[in-house]
Amino acid sequence: MKKLLILLLSAIKLSICAQIGINTKTPKSILDVNGDMNLRGKLSVPNAANNQLTTGVNDQILVSQGEGYPPIWKTLRIPDYEQNKFYLIFSNSFSDRTGVKFTSSEESTNGASISTSLVKNTNISALNLFRKISSLSQPFTLYSATSKMYFQFETVVQADFPSNGNPDISIDYACGIFVDDKLVNLRQRNIKASSATNTFITHNQIGIAENLSKGNHTVSVACARLKSYNSSATLGIGINVATNIDSFITQSSLKVDAYEVPEVFNPVTN
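Here the sequence shown stands for residues -18 to -1, 1 to 252, where the numbers follow mature numbering (1 follows the signal peptide of the UniProt record, and there is no 0).
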């Protein structure tokens, strides 16, 4: 009886304070297994919602919640990708109400050499007086070398023109979509005075970039005033320059979609 009591007390003490090592003399946790382990029965973890043990359901995995918190069961959803097909990997949209303004003295010198200076992959640093619309500069990440990027930019352009006269009153301007500060798409337009004062127009632009390098990138939109015709009016792109419209109406938006051909196909086994 005395031996049995000693053995029982030793077991209780071991269960309270000891660390158990299997195939190791220096366990680093309550149970430290140095080697393979086969589990033939159920595995249960506490459920924080009801403080009961749960074994999860079919196809769930255990996910760590960090130090001091019990793991939880999560359902693993793996998309079914087919090789050599494009899939939408990233999609987001952004808006801006600050826009950019240009006076008649702030015309880009690129207006005189559009066909040679406003060409694909030109760095924005080489373009004169192109100004970024601040909140439309945004990061994105690509995971495949085979990709297609779609950019859709929309804004409102206004000039504080008087009513149109003879000869016509108008302004040429341009907006470019840039990736990592390199030009991937450009649209040039003209805003013309009408019978009413303070003319405004809607500007829509879609750009495409293919097979960018894997990793982190930044998309941005920048615009410039190119040339004025019989006008000293102020030009606003994405911002109003007169009170017949406001910043809500003139705000800019940018939609970014990334399609990729996935490069890694991991087999999923049950």
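All residues carry an ideal CB built from backbone N, CA and C; glycine is no exception.
Next item on the list: Using the Cα positions of glutamine 34 and tryptophan 55, report the straight-line distance between them to the nearest angstrom.
Entry: 13 Å
Next item on the list: Identify every run of the beta strand (DSSP E) within the segment 86 to 137, keeping only runs that are complete inside it and at least 3 residues long; order them along the chain.
Entry: 120 to 124
Note to self: I'd like to know if the segment 186 to 195 and the segment 218 to 229 are in contact, where contact means that at least 3 CB-CB pairs between them fall below 8 Å.
What the structure shows: no
Next item on the list: Measure the C-alpha to C-alpha separation of alanine 204 and aspartate 150 and round it to an integer number of angstroms.
Entry: 27 Å
Next item on the list: Look at phenylalanine 76 and glutamine 120 and say whether their C-beta atoms are less than 8 Å apart.
Entry: yes
Checklist line | Beta-carbon spacing of serine 234, leucine 118 below 8 Å | finding: yes
Notebook entry, point to check: Could you check where the beta strand (DSSP E) with serine 235 kicks off and where it finishes?
Noted result: 234 to 242
Notebook entry, point to check: Beta-carbon separation of serine 95 and leucine 208 under 8 Å?
Noted result: no
Next item on the list: Identify the continuous beta strand (DSSP E) that holds residue 263 and give its terminal residues.
Entry: Residue 263 lies beyond the residue range present for the chain, which begins at -18 and ends at 252; the question has no answer from this structure.
Margin query: Please tell me whether alanine 206 and alanine 141 are closer than 8 Å, where the distance is taken between their beta carbons.
Written below: no
Item checked: Span of the beta strand (DSSP E), counted from its first residue to its last, around arginine 79 -> Element bounds for arginine 79: n/a, residue is neither H nor E.
Item checked: Expected contact under 8 Å - CB spacing of leucine 168 and leucine 236 to nearest Å -> Wrong, their Cβ atoms sit about 15 Å apart, outside the cutoff.
Item checked: Residues near glycine 93 in its chain [Cβ-Cβ closer than 7 Å; skip 5 each side] -> Asp154, Leu208, Lys209
Checklist line | Length of the line joining the Cα atoms of arginine 79 and asparagine 105 | finding: 25 Å
Notebook entry, point to check: According to the Cβ coordinates, are serine 129 and glutamate 192 closer than 8 Å?
Noted result: yes
Note to self: I need the straight-line Cα distance from aspartate 18 to isoleucine 2, nearest angstrom please.
What the structure shows: 16 Å
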